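Letter 79 of the sequence shown, counting from 1, is numbered 78 in numbering that gives the first Met the number 0, and no numbers are missing. The beta carbon of each residue, even a glycine, is placed where N, CA and C say it ideally should be. Please read all numbers here as calculations on a predicted model, not as lab measurements.
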Amino acid sequence: MTDTYVYLIREADWDSDGVLNATPTAESDEPMFPEHAAFQKAVADLGARIVGASALQNTSHGGTVKPGKGDRKVEDAVWTDGPFADTTEVITGYYAVEVDDPEVARKLAAMVPSGGLVEWRKVFPIG
0 MTDTYVYLIR EADWDSDGVL NATPTAESDE PMFPEHAAFQ KAVADLGARI
50 VGASALQNTS HGGTVKPGKG DRKVEDAVWT DGPFADTTEV ITGYYAVEVD
100 DPEVARKLAA MVPSGGLVEW RKVFPIG
């Protein structure tokens, strides 16, 4: 049976704005993130399949929210802009990968490019 696992990449925040504003060079055929290109190849080599992935922009483009209660979820919400004082690592991206074997999922978790920690979880099947 094929299951989907999500790998959350938790590491120090990064300069996504600097990368987005960089001027690409015409002579460069290298991928923007070569370590991720290598991981994507490794996933295929292990017979698994990436079904979703994205890098997330830095924490200045988001935050956290603790919703209010009952029918005042928005009105009483507590909003916090990033970066967050209670952590040194943030989620900088993720992969969603279909695998046939839980051991392959575990192995892939160790192979995800990260400057920090990778959290991996089996996706709960809905529908």
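The DSSP-derived three-state label of leucine 107 is helix. Spanning the alpha carbons of alanine 52 and glycine 69 requires a straight line of approximately 34 Å.
Where valine 18 is concerned, the enclosing alpha helix (DSSP H) starts and stops at 15 to 20. Each of Gly61, Val98, Lys40 was checked against the Cα of methionine 0, and the nearest Cα belongs to Val98. Straight across, the Cα-Cα distance linking lysine 40 with valine 50 is about 14 Å.
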